[in-house]
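Numbering follows our numbering, with no gaps: position 169 of the sequence shown is 169.
C-beta atoms are modelled at their ideal positions from N, C-alpha and C, and glycine is treated no differently.
Everything on this sheet refers to the single structure shown next.
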Amino acid sequence: MARIRRERPVLLAAILSALAALAAGMSKWVVLVLLLVMILAALFNEAPVIATEPAPPVEIKPEAPPSRLPEVSATLSGLDFPVMLLSDDASVLFQNRAAEKAFGEVALGAHISARLRSPGVLDMVRETIATNAPNQIEHSERLPSERVYIVRSAPIEFAADDGPHERYFILSFRDISEVRRIDRMRSDFVANASHELRTPLASLRGFIETIQGPAKNDLKAQARFLNIMLDQATRMSRLVDDLLSLSRLELKSHIAPDEKIDLVPLLGHVRDSLVPLARDVGVDINLHLPEGKVEVLGDRDELVQVFENLMENACKYGQEGEIDVWLKNGTGQPVEVSIVDRGPGIPAEHVPRLTERFYRVSIEDSRSKKGTGLGLAIVKHILTRHRARLIVKSEVGKGTDFTVRF
Numbered sequence: 001m002a003r004i005r006r007e008r009p010v011l012l013a014a015i016l017s018a019l020a021a022l023a024a025g026m027s028k029w030v031v032l033v034l035l036l037v038m039i040l041a042a043l044f045n046e047a048p049v050i051a052t053e054p055a056p057p058v059e060i061k062p063e064a065p066p067s068r069l070p071e072v073s074a075t076l077s078g079l080d081f082p083v084m085l086l087s088d089d090a091s092v093l094f095q096n097r098a099a100e101k102a103f104g105e106v107a108l109g110a111h112i113s114a115r116l117r118s119p120g121v122l123d124m125v126r127e128t129i130a131t132n133a134p135n136q137i138e139h140s141e142r143l144p145s146e147r148v149y150i151v152r153s154a155p156i157e158f159a160a161d162d163g164p165h166e167r168y169f170i171l172s173f174r175d176i177s178e179v180r181r182i183d184r185m186r187s188d189f190v191a192n193a194s195h196e197l198r199t200p201l202a203s204l205r206g207f208i209e210t211i212q213g214p215a216k217n218d219l220k221a222q223a224r225f226l227n228i229m230l231d232q233a234t235r236m237s238r239l240v241d242d243l244l245s246l247s248r249l250e251l252k253s254h255i256a257p258d259e260k261i262d263l264v265p266l267l268g269h270v271r272d273s274l275v276p277l278a279r280d281v282g283v284d285i286n287l288h289l290p291e292g293k294v295e296v297l298g299d300r301d302e303l304v305q306v307f308e309n310l311m312e313n314a315c316k317y318g319q320e321g322e323i324d325v326w327l328k329n330g331t332g333q334p335v336e337v338s339i340v341d342r343g344p345g346i347p348a349e350h351v352p353r354l355t356e357r358f359y360r361v362s363i364e365d366s367r368s369k370k371g372t373g374l375g376l377a378i379v380k381h382i383l384t385r386h387r388a389r390l391i392v393k394s395e396v397g398k399g400t401d402f403t404v405r406f
């Protein structure tokens with residue numbers, strides 16, 4: 001029955017053909033035989049089987065395991081010290097935020113030499129890549145402030161049975177600036193303090209021995225010697241204070257202040273605080289200030305210390321006359337504060353060394369005016385922290401111009 005249903009169109013065509021043949025006058029027996037033949041052929045004829053070749057099996061390749069670079073990068077991003085990840089050709093594959101902050105952002109895929117130009121660091125990286133052994137050196141950065149790092153390069157490898165072999169190189173930077181600075185400060189303090197304190201200590205010892213000996217019963221001499229001893233002790237106290245102030249500034253020289261300070265009222269405050277000193281030495285301090293605010297990023301107390309020091313020096317060493325303080329804030333120009341005196345000036349050979357510790361153009365003149373020789377060194381360190389410059393112009397017989405440029 002299934003075959004009859006399947007061959008129904010053929011059977012129907014055979015019956016219609018037989019009826020047409022009978023109508024045309026063909027013998028009914030012939031028509032019946034042909035009809036039977038057609039029916040049997042339709043019912044018992046099998047459809048040809050087309051042999052098809054089996055499709056070749058599809059080879060399923062196992063998926064390659066993903067690269068471990070994202071995992072390594074995510075781990076290194078959590079470190080709080082500078083780290084870079086390098087490839088076999090010393091290209092930068094990743095750097096964390098600490099590295100961006102310390103050395104600036106570098107384009108991924110760029111060679112390490114695009115950011116670090118130190119021959120020592122580059123040679124160390126090349127040696128580590130060639131030998132696959134860790135190395136380390138000490139490296140110094142001069143700008144924007146002096147920093148000292150222990151730089152270490154080390155390989156990291158991933159070799160799995162079912163995955164590719166991966167090799168990267170970690171370049172890490174351990175900041176030892178504070179350790180080096182403290183060591184240097186300790187040695188500088190011992191050397192400078194021993195040198196500067198030797199004279200007042202010898203003076204104090206001599207006066208004490210005199211009071212205990214020849215002037216034991218001389219009240220007038222004792223009173224005069226005690227006044228001198230008080231001056232010497234006060235000088236030593238100022239010296240120690242300045243050394244400690246300088247040490248504190250060096251410890252934070254790499255941290256730039258981010259507070260906005262208006263220089264107009266600040267300079268007015270400094271001038272007012274120095275009016276008694278200026279009156280005593282016969283000097284007038286004239287301020288030349290623009291209208292409105294003139295703001296810079298800074299630390300107020302430290303900027304007060306800078307301009308107090310510069311104006312006080314101008315009063316002490318500028319002799320009688322006037323001191324002009326100019327605040328300039330031109331459009332598209334850096335902010336500048338200039339302190340100009342009309343004193344004897346500074347010989348050209350002394351100008352480059354003015355900010356050195358304990359450097360004095362005239363030692364006797366400095367000590368007679370109770371200077372410690374550290375004032376301009378403190379100014380230089382404060383301005384270094386503020387990313388500012390001190391520009392000194394002087395001409396003998398005409399005066400000196402100290403300009404702070406932000």
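Alpha carbon to alpha carbon, how far is residue 250 from residue 113? Give it in angstroms, no decimals. 30 Å
In the DSSP assignment, find the beta strand (DSSP E) that holds residue 86 and state where it starts and stops. 83-86
Opposing strand residues paired with residue 262 [DSSP bridges]: 295
So for residue 375, helix, strand or coil by DSSP? helix
Exposed or buried, what is residue 255 when buried is set at 16 or more other beta-carbons lying within 10 Å of its beta-carbon? Exposed is the call here.
Measure how close the beta-carbons of residue 204 and residue 232 come, nearest whole angstrom, since I'm counting them as under 8 Å. 6 Å
Whole angstroms are fine: how far does the CA of residue 308 sit from the CA of residue 263? 13 Å
Inspect the beta-carbon positions of residue 261 and residue 292 and report whether they are closer than 8 Å. Against a cut-off of 8 Å, the Cβ pair of residue 292 and residue 261 comes out as no contact.
As assigned by DSSP and simplified to three states, the class of residue 154: Strand, per DSSP.
Among 94, 170, 394, the one whose alpha carbon lies nearest that of residue 109: 94
Going by C-alpha distance, which of 344, 375, 381 is nearest residue 359? 375
Residue 151 versus 241, 142, 135, residue with shortest Cα-Cα distance: When 241, 142, 135 are compared, the shortest CA-CA separation from residue 151 is found for 135.
Assuming residue 339 and residue 323 make a contact with CB atoms under 8 Å, what is their CB distance in whole Å? 7 Å
From this set, 395, 142, 87, 97, which residue's C-alpha is nearest residue 111's C-alpha? 87
Considering only C-alpha positions, which residue in the set 23, 243, 14, 253 is nearest to residue 385? 253
Where does the unbroken alpha helix (DSSP H) through residue 220 begin, and where does it stop? 219-251 is the span of the alpha helix (DSSP H), which, as asked, contains residue 220.
Considering only C-alpha positions, which residue in the set 140, 105, 102, 268 is nearest to residue 120? 140
Grab the span of the alpha helix (DSSP H) containing residue 93 for me, first residue to last. Element bounds for residue 93: not the alpha helix (DSSP H) but the beta strand (DSSP E), 92-95.
Please determine, among 301, 235, 279, the residue with the shortest C-alpha to C-alpha distance to residue 259. 301
With DSSP as the reference, label residue 136 as helix, strand or coil. strand
Verify whether the separation of the beta carbon atoms of residue 294 and residue 404 is less than 8 Å. no
What residue range does the alpha helix (DSSP H) around residue 127 cover? 119-131
With DSSP as the reference, label residue 349 as helix, strand or coil. coil
DSSP bridge partner residues for residue 285 (one or two, in chain order): 323
For the beta strand (DSSP E) that contains residue 169, what are its first and last residues? 166-175
Using the Cβ count rule (16 or more neighbours within 10 Å means buried), how would you classify residue 199? With fewer than 16 other Cβ atoms within 10 Å, it is exposed.
Since residue 357 contacts residue 377 with CB under 8 Å, what's their CB separation in whole angstroms? 5 Å
Can you tell me whether residue 408 is buried or exposed, with buried defined as 16 or more other CB within 10 angstroms of its CB? Beyond the ends of the chain as shown, which are 1 and 406, falls residue 408; an answer cannot be given.
Excluding the five sequence neighbours on either side, which residues of its own chain have a C-beta within less than 8 Å of the C-beta of residue 304, listed in chain order? 266, 269, 270
Can you tell me which of 242, 219, 278 puts its alpha carbon nearest to the alpha carbon of residue 321? With distances taken between CA atoms, residue 321 lies nearest to 278 out of 242, 219, 278.
So the candidates are 106, 154, 100, 99; which of them puts its Cα closest to the Cα of residue 125? The option with the nearest alpha carbon to residue 125 is 154.
In this structure, does DSSP put residue 390 in helix, strand or coil? strand
Consult DSSP for residue 400 and reduce its assignment to one of helix, strand or coil. strand
8 Å Cβ cutoff met for residue 406 and residue 306: No; because the gap between Cβ atoms is not below 8 Å, this pair is not in contact.
If you check the beta carbons only, do residue 103 and residue 172 fall under 8 Å apart? Not closer than 8 Å, so no.
Please report the straight-line C-alpha distance between residue 8 and residue 33, rounded to a whole angstrom. 19 Å
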